[in-house]
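A.B. asks:
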Amino acid sequence: MFLTLLNIVVPVFAVVAVGFAFGRRQRHGEMGFINLANVAVFCPALVFSALVDNPVSPGESWPLILAGVLIVLLPGLLLCLFRFPGLERRTLVVAGMFRNTGNIGIPLMMLAYGADQLGAIIILFVLSNLIHFSLGLFILSREAGPWQWLQNPIIWAAVLGMLLADNTALLPAFVYTTADLLGQMAVPLMLFALGVRLSGGEMGALGLALRVNLAYLLVGAASFALVAWWLPLGNDWLRLLALSVMLPPAVLNYLLCEQYRCQPEKMASIVLLGNAMAVVTVPLVVYLTLTFL
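Below you can see the structure in the form of structure tokens.
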């Protein structure tokens, strides 16, 4: 089991480490264009091709879809019970709701639980994105507007992929092959870009960041327990959900806090320490899910 765990976790964190080392060496390296291409082209292509190749029926998958929404919303509600001096509630709640389901979640889940789960993995990723760019932006700033999620190409790629999953003859085969090739670039770039982004941060207020991340793990575990008890979920879906709620905070939280002037320096420390802690917490969660579920 230990060797299996290493084979699952090490490749993911190794690519992040390569990006971190590269970012440290190229202190003025600019990843903006590459990140934009990943969000606008490669990730939508991955979502589209994954849902075409691994059809997900909303009628059959409603427990997973409902669970995917709840594991985002419940941590936010539970975090309202916490108070951390000097930390605004919106900063605390957003980072606890939105985890690193893209950069770390997709590759880890595929390696740990099998590529045949990619359709379900993508559904969780899309749901998190949808809520992040709607409710998440509203929490950070009411000026963001309720319809900003409509500008997210990942959402439209998911809709198109689900519509064409059972009607692949509507488009030539080369369209799907092209989307598949573009999508294959997304995951390695996610991991590499995460490493580069983390390399540029400096951690401060470590005590606060540690307490906040421990609170995230606590509310994540509680949310998973409630969802697992309430909904009819098979072991395959339970494993995905368990890992989803225990992932570190998304790096995107820091970028959005910077944009909306919401304590970006404290968010940076929370995100950085949370991703550092993931080196220990993520392998533990993978081990527990593979052993007991």
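Residue numbers (this note's numbering): 245 to 537. No residue lacks a Cβ here, since even glycine has one placed at the ideal position from N, Cα and C.
Please go through the same chain and pick out, in chain order, the residues whose beta-carbon is closer than 7 Å to the beta-carbon of Leu484, but skip the five residues on each side of it.
C.D. replies: Along the sequence shown, read from residue 1 onward, the residue named residue 484 stands at position 240. Closer than 7 Å at the Cβ level, and outside the excluded window around Leu484, lie Met353, Tyr357, Gln361, Ala364, Ile365, Leu368.
A.B. asks: What are the start and end residues of the alpha helix (DSSP H) that includes Ile350?
C.D. replies: The residue given as residue 350 occupies position 106 in the sequence shown. Ile350 -> alpha helix (DSSP H) spans 350 to 357.
A.B. asks: Measure the beta-carbon distance from Val338 to Asn497 and round it to whole angstroms, keeping in mind my assumption that it falls under 8 Å.
C.D. replies: Sequence index remark: in the sequence shown, residue 338 carries index 94 (1-based). Sequence index remark: in the sequence shown, residue 497 carries index 253 (1-based). Going by Cβ atoms, the distance from Val338 to Asn497 rounds to 6 Å, so yes, they are a contact pair.
A.B. asks: With a CB to CB cut of under 6 Å and the five nearest residues on each side skipped, what residues in its chain are close to Met275?
C.D. replies: Position 31 of the sequence shown holds residue 275. For Met275, where only same-chain residues beyond five positions count, the Cβ hits under 6 Å are Ala437, Val440.
A.B. asks: Determine, using beta-carbon pairs with one atom in the segment 313 to 325 and one in the segment 452 to 471, whether at least three such pairs fall under 8 Å.
C.D. replies: Segments in contact, yes.
A.B. asks: Pair every Cβ in the segment 281 to 296 with every Cβ in the segment 466 to 476, then say whether three or more of these pairs are closer than 8 Å.
C.D. replies: The segment 281 to 296 vs the segment 466 to 476: no contact.
A.B. asks: Could you tell me which uninterrupted alpha helix (DSSP H) segments, each at least 4 residues in length, are contained entirely in the segment 355 to 404, listed from first to last along the chain?
C.D. replies: Correct list: 362 to 375, 381 to 384.
A.B. asks: DSSP state of Pro493, grouped into three classes?
C.D. replies: The count along the sequence shown starts at 1 and reaches residue 493 at position 249. Looking at Pro493 - three-state DSSP - the assignment turns out to be strand.
A.B. asks: Please identify the residue among Leu381, Pro492, Ile309 whose C-alpha is closest to the C-alpha of Ile348.
C.D. replies: The residue given as residue 348 occupies position 104 in the sequence shown. Out of Leu381, Pro492, Ile309, Pro492 has the C-alpha closest to the C-alpha of Ile348.
A.B. asks: Count the other CB atoms, across all protein chains shown, that sit within 10 Å of the CB of Phe246; report buried if there are 16 or more and exposed otherwise.
C.D. replies: Residue numbering aside, residue 246 sits at position 2 when the sequence shown is read from its first letter. Classification for Phe246: exposed.
A.B. asks: For the candidate residues Ile399, Ile514, Gly263, whose alpha-carbon lies nearest to that of Met434?
C.D. replies: Residue numbering aside, residue 434 sits at position 190 when the sequence shown is read from its first letter. It is Gly263.
A.B. asks: Please state if the CB of Pro508 and the CB of Val253 are separated by a distance shorter than 8 Å.
C.D. replies: Taking the first residue of the sequence shown as 1, we reach residue 253 at position 9. Taking the first residue of the sequence shown as 1, we reach residue 508 at position 264. It is not a contact, given that the beta carbons lie outside the stated cut-off.
A.B. asks: Checking the sheet assignment: what are the DSSP bridge partners for Arg327?
C.D. replies: Along the sequence shown, one-based indexing puts residue 327 at 83. None; Arg327 has no bridge partner.
A.B. asks: Any contact of the segment 281 to 295 with the segment 418 to 426, i.e. 3+ C-beta pairs under 8 Å?
C.D. replies: They touch, by the three-pair rule.
A.B. asks: Taking only the alpha-carbon atoms, compute the straight-line gap between Val403 and Val256 and give it to the nearest angstrom.
C.D. replies: Mapped onto the sequence shown, residue 403 falls at position 159. Mapped onto the sequence shown, residue 256 falls at position 12. Roughly 28 Å between the two C-alpha positions.
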